[in-house]
Ligand SMILES: [Zn+2]
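Put into structure tokens, the structure is as follows:
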């Protein structure tokens, strides 16, 4: 395991490789990958044992991060994804902060913590809305943003919001067929008040093996 020097406090620590393998099973509708990458979720961030900094690479210097991890508000006792999201939010990277909240929701899903998962999903939406008000996109296209937001609302039990988001997404012009199908699927699931995880393999026009649908 390589030694890394923390950009927050300077402490050196051994860090497991954060290499995330691609592929291996259909992703969930919220882009959570299948296979090995899914199982490696907890290794998506490095964590400094000294100051508690959580980031994809704790060595990568980000201005102001040392001050932030020393501040009283830094949620040091919380899960690394929550710490990362707090830091990103403070640094003005609201869209990325939302993604870290979604990763936290996946961690909570695995731990059977339904309330924690719903809270993280609601914070993800708040971060993404905040990001949009600052001109930050959280997906490559508007259609994908509506499709993802609909899923995140639905999984948090916000079925009315999920339905409204799905309908708003369907009003966009020129949607790729797969995104349109995801949006329609979200409407069906929201009507059924289904808050479970579903994968792109359930779509009628499921992509053939090897094709990765990118919603991220
Ligand atoms: Zn540190």
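Residue numbers (this note's numbering): 14 to 229. Idealized CB from N, CA, C, for every residue including glycine.
Residue i: CB within 7 Å of a non-hydrogen atom of ligand 1
i, result
"residue 25", "no"
"residue 81", "no"
"residue 21", "yes"
"residue 63", "yes"
"residue 66", "yes"
Alpha-carbon to alpha-carbon, residue j and residue i
i, j, result
"residue 70", "residue 17", "9 Å"
"residue 221", "residue 195", "Residue placement at residue 221 is poorly supported in this model, since its pLDDT is 49, which falls under 50; the coordinates still yield a value, given next. Distance between the alpha carbons of residue 221 and residue 195 is about 16 Å."
"residue 229", "residue 44", "Low confidence applies to residue 229: its pLDDT is 45, below 50, so where it sits in the model is not reliable enough to give any reading."
"residue 187", "residue 114", "30 Å"
"residue 19", "residue 217", "47 Å"
"residue 193", "residue 156", "8 Å"
"residue 207", "residue 176", "12 Å"
"residue 92", "residue 55", "10 Å"
"residue 231", "residue 174", "With the chain running from 14 to 229 in the structure shown, residue 231 is simply not present."
"residue 167", "residue 66", "31 Å"
"residue 161", "residue 178", "9 Å"
"residue 225", "residue 118", "Bear in mind that a pLDDT of 46 at residue 225, under 50, signals an unreliable position, so the number given afterwards is only what the model happens to contain. Taking the straight line from one Cα to the other gives about 22 Å."
"residue 108", "residue 40", "21 Å"
"residue 95", "residue 169", "17 Å"
"residue 46", "residue 151", "17 Å"
"residue 76", "residue 15", "23 Å"
"residue 50", "residue 29", "15 Å"
"residue 146", "residue 106", "12 Å"
"residue 223", "residue 37", "Because residue 223 sits at a pLDDT of 42, beneath the cut-off of 50, its placement in the model cannot be relied upon, and the point is left open."
Enclosing alpha helix (DSSP H) for residue i [first to last residue]
i, result
"residue 194", "190 to 204"
"residue 80", "78 to 83"
"residue 45", "Note, residue 45: premise wrong, no alpha helix (DSSP H); not H, not E."
"residue 139", "127 to 146"
"residue 53", "Counting along the chain, residue 53 falls outside any alpha helix (DSSP H), and DSSP gives it neither H nor E."
Distance between beta carbons of residue j and residue i, contact taken as under 8 Å
i, j, result
"residue 82", "residue 140", "That pair is no contact at about 19 Å."
"residue 212", "residue 42", "7 Å"
Unbroken beta strand (DSSP E) run spanning residue i, endpoints
i, result
"residue 25", "25 to 27"
"residue 17", "16 to 18"
Which runs of the alpha helix (DSSP H) spanning at least 4 residues fall entirely within the region 91 to 124, listed in chain order?
93 to 103 and 107 to 124
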